[in-house]
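Q: My questions all concern the structure below.
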Amino acid sequence: MNSHVKDENLFPEIIDKLQRLPGKHDLTAEDLFPPAFMRAHTQLETIGQLLDAAKIPKDADLNDLATEQITELDSRVSKLTNFQNWDELLSKAKDDWISKQI
Numbered sequence: 608m609n610s611h612v613k614d615e616n617l618f619p620e621i622i623d624k625l626q627r628l629p630g631k632h633d634l635t636a637e638d639l640f641p642p643a644f645m646r647a648h649t650q651l652e653t654i655g656q657l658l659d660a661a662k663i664p665k666d667a668d669l670n671d672l673a674t675e676q677i678t679e680l681d682s683r684v685s686k687l688t689n690f691q692n693w694d695e696l697l698s699k700a701k702d703d704w705i706s707k708q709i
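Here our numbering is used: the first residue of the sequence shown is 608, the next is one more, and so on.
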């Protein structure tokens, strides 16, 4: 089967979006884990509910959690989501966010 992209103007737009992705992005937990993501992959409606279940303050820096917080979060993630641990959930959320940017 021979497939062709019909819209040649699509490539410059995708390239432009990809070039803007590198670097640091200031995302909130809600940006990375929107309700639609949470409903699709967890038993919860919001990332706040997961953080509450793990006894992590909603304003905590998710990039700088203490070991005991990650352990508790891993436990909750394995029970309440389609993932085994926090890293898997976070990785999927990042992948989805990037996909939406392009």
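All C-beta atoms in this analysis are idealised placements derived from N, C-alpha and C, irrespective of residue type, glycine included.
#1: Using the beta-carbon count (16 or more within 10 Å), is L696 buried or exposed?
#2: Return helix, strand or coil for T678, following the three-state DSSP convention.
#3: Less than 8 Å between the CB atoms is what I'm expecting for L687 and L651, so what's the real figure, rounded?
#4: Which residue marks the beginning of the alpha helix (DSSP H) containing I654, and which one marks its end?
#5: If you compare alpha carbons, which of D666, I654, A647 is closest to W693?
#6: Leaving out the 5 sequence neighbours to the left and right, which residues in its chain are closer than 8 Å to F690 when beta-carbon positions are compared?
#7: For A643 versus L669, is the C-beta spacing smaller than 8 Å?
#8: Could you spell out the range, first to last residue, of the alpha helix (DSSP H) harbouring D671?
#9: Can you round the beta-carbon distance between L658 and K701 to whole angstroms, since I take them to be within the 8 Å contact cut?
A: Quick look at the numbers:
#1: buried
#2: helix
#3: 6 Å
#4: 654 to 660
#5: I654
#6: H648, V684, L696, K699
#7: no
#8: D671 -> no alpha helix (DSSP H), and no H or E assigned at all.
#9: So it is not a contact: roughly 17 Å between Cβ atoms.
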